[in-house]
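Residues in the sequence shown are numbered consecutively from 209, following this note's numbering.
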Amino acid sequence: MAQKVVAFGQKIATRAPALATKYGFQITAAAKRRQPALEKFWTNAKVELAPPGPSDWPAIKKAFSNIKQATMTGRFLNTTVKDSVSNTLVAVEIAMWFYIGEIIGRRSIVGYNV
Numbered sequence: 209m210a211q212k213v214v215a216f217g218q219k220i221a222t223r224a225p226a227l228a229t230k231y232g233f234q235i236t237a238a239a240k241r242r243q244p245a246l247e248k249f250w251t252n253a254k255v256e257l258a259p260p261g262p263s264d265w266p267a268i269k270k271a272f273s274n275i276k277q278a279t280m281t282g283r284f285l286n287t288t289v290k291d292s293v294s295n296t297l298v299a300v301e302i303a304m305w306f307y308i309g310e311i312i313g314r315r316s317i318v319g320y321n322v
């Protein structure tokens, strides 16, 4: 068994330089093509995925008070179907992230052991 592992390792070691020269240029070219998109992604991710700072709290408080006011006055009934579907999909997405996080935390799809 050990001889097979050693032979396999030697085979990989002898073929690695040829593979590196054969596919290295393609990998480098692909990385160069994707670099602008990745830079844009990281720029947006730093802003959009950052936690709210102290300066954001007044806007968050105002948004929650607007939601409360819309619920109490029935203003949410005057939304378009497109906006309603969009808001529903956002709520479903948030719920799914919660459930996916729970599954990852438990490391199982099955519920907690009680």
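Backbone N, C-alpha and C fix where the C-beta goes; we use that ideal spot for every residue, glycine too.
- prompt: Rounded to a whole number of angstroms, what is the C-alpha to C-alpha distance between residue 245 and residue 257?
  reply: 17 Å
query: For residue 318, does the three-state DSSP call read helix, strand or coil?
result: coil
- prompt: Once you ignore the five residues that flank residue 284 on each side, which residues in its own chain have a CB closer than 8 Å to its CB?
  reply: 278
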